[in-house]
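To start, the structure under review is shown below, and the notes come after it.
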Amino acid sequence: MAMRNLFLKHVAQTSPAPMALEIVSVEGIWLEDKQGKKYMDMICGIGPSLLGHGYPPIVNAIKEQADKYLHTLVYGEMILSPQVQLASKLASILPGNLDNVYFLSAGTEATETAMKLAKRHTGRYEICAFKDSYHGSSQGAASLMSDDYFTSAYRPLVPGIRWLIAEDESSLDRITEQTAAVIVEPVKAESGIYPLSESFLIALQKKCKDNDVLIIFDEIQSGYGRTGYMFAFERYGIVPDILLLGKGFGGGMPLSAVISSKSILSDLSDNPVLGHITTLGGHPVCCAAGLAALNSILENTWLNEIPDKEALFKSLLHSDHIIEIRSSGLWLAIEFKDALTVQKVIAGALKEGLILDWFLFNDKSIRIAPALVITHDEIRLACQKLNAAMNAL
Ligand code: PMP
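Listed below in structure tokens is the structure:
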């Protein structure tokens, strides 16, 4: 049976119309399918392939670690050099209170762990989250989703969630002495790229301080250079108590992290012992890939180039169908009048050889979030293709 038929028959899908591209080779932002058609990847798998596909330093680090050992015992019991090196490197570039790393595999696990940690640390159980934010699909993380469409079939979820509204300071009154933590994306990703304002985040920080509430920044999508800053919180000068990383953090491998102070994270090791455990989180091969990704970002000039690349995208995209372009670094949302237009543009772009996507909570916008390594010429070519798709409507 053809691979496509086997895929449809045996691999579970999450939408009725999967893209079903059969990719056979990759390089940088380019993917090639079985028929020899080349695609420019403008979403890098919704984040993980942050440095492009097949980036040699990452691939080599994976091979070298695979030759040494794959898996022994991961959660803070054995001294695994890729974990130790990655945690130490992160501590060296993060503010002083973020010096302890709990490794996991997926973004949603980082959210779960942070929710548990906040409860354990504060002795409270309420958690405040923002409407139209996404923090993962497992049950705790799904409880933080305000959108009934995605959650009503899966109730009951975790109780004690209070909703905040971005830029609405009156909603911050829901943060009280009962609140364990507020979880916030500095740039609301799945709403369609809405950076929070500095004044709003400062008001949020004050409210948390007044009530002894932990601030969790979910930088699973915004972290690691996407916004032009290594971490989006740097732009605001606000340091969270707990930082969540994932996606590009693993250099294309499954890796995520909850980062906090040693005194906060040590709560997971005591009363009860093994407060949160994971058999595969912080897998040495994934940490080796993550370390290579981090070193590569720090050694190269990609972050400095992001403002130019962002401006180039914005200057080259032209169509009467565009209502608005929002951006935060190399992360753009193009808004159209309705979801049907978005679907048509995505389908037209795919024919042109351009892979795009929409957003979970904004189906009127198209997502552009290519690998940081994209060149100026590749941006010009991608915009040509996208303009062709938009103007063929
Ligand atoms: N938080 C944010 C901000 C995300 O964008 C995502 C994934 N889209 C997650 C958490 C969940 O990550 P994962 O899919 O790896 O569980």
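Read left to right, the sequence shown gives residues 10 to 402 (our numbering). For each residue, glycine too, the CB sits at the ideal point set by N, CA and C. In this text the structure is predicted, and so the values were computed from the model without any measurement.
Applying the 10 Å Cβ sphere with the 16-neighbour rule, what's the burial state of residue i?
| i | result |
| --- | --- |
| R235 | buried |
| D250 | buried |
| S9 | Residue 9 is absent from the structure shown; the chain starts at 10 and stops at 402. |
| A151 | buried |
| V351 | buried |
| D50 | buried |
| P281 | exposed |
| L429 | Nothing about residue 429 can be reported from this structure: the residues present for the chain run from 10 to 402 only. |
| R133 | buried |
| V20 | exposed |
| H3 | Here the chain covers residues 10 to 402 and nothing more, so residue 3 does not appear. |
| A138 | buried |
| I273 | buried |
| T188 | buried |
| Q393 | exposed |
| H327 | exposed |
Taking 9 Å as the threshold (C-beta atoms), are residue j and residue i in contact?
| i | j | result |
| --- | --- | --- |
| S142 | S161 | no |
| G338 | I315 | yes |
| L223 | A119 | no |
| A266 | I225 | no |
| M12 | E31 | yes |
| A397 | I377 | no |
| G291 | L59 | no |
| I136 | L153 | yes |
| G362 | M399 | no |
| G261 | G45 | no |
| Y48 | L359 | yes |
| I332 | E344 | yes |
| L289 | I388 | no |
| F322 | L341 | yes |
| K140 | W172 | yes |
Report the rounded CA-to-CA distance for residue i versus residue j, giving the unit in angstroms.
| i | j | result |
| --- | --- | --- |
| A401 | V83 | 52 Å |
| M87 | H80 | 11 Å |
| I247 | M28 | 39 Å |
| S206 | G232 | 17 Å |
| F240 | G116 | 16 Å |
| V413 | Q92 | This structure cannot speak to residue 413, because the chain is shown only from 10 to 402. |
| I6 | G105 | Past the boundaries of the shown model lies residue 6; the chain is included only from 10 to 402, so the question cannot be answered. |
| P347 | F258 | According to the sequence as given, residue 347 is Asp; it is not Pro. Their Cα atoms are separated by approximately 33 Å. |
| A212 | L107 | 22 Å |
| N313 | G237 | 7 Å |
| G255 | P168 | 25 Å |
| L307 | E243 | 15 Å |
| S374 | I170 | 28 Å |
| Y111 | I268 | 6 Å |
| S305 | E228 | 19 Å |
| S270 | Q148 | 26 Å |
| E73 | H144 | 33 Å |
Say whether the region 180-199 touches the region 356-370, bearing in mind that this needs 3 or more beta-carbon pairs closer than 8 Å, one atom from each stretch.
Yes, the region 180-199 is in contact with the region 356-370.
Taking 8 Å as the threshold, find out whether the region 114-126 comes into contact with the region 176-187 through three or more Cβ pairs.
The region 114-126 vs the region 176-187: no contact.
Counting beta carbon pairs with one atom in the region 36-45 and one in the region 376-396, are three or more of them shorter than 8 Å?
Yes, the region 376-396 touches the region 36-45.
Three CB pairs or more closer than 8 Å across the region 296-307 and the region 56-71
Counting C-beta pairs closer than 8 Å gives three or more between the region 296-307 and the region 56-71, which meets the contact rule.
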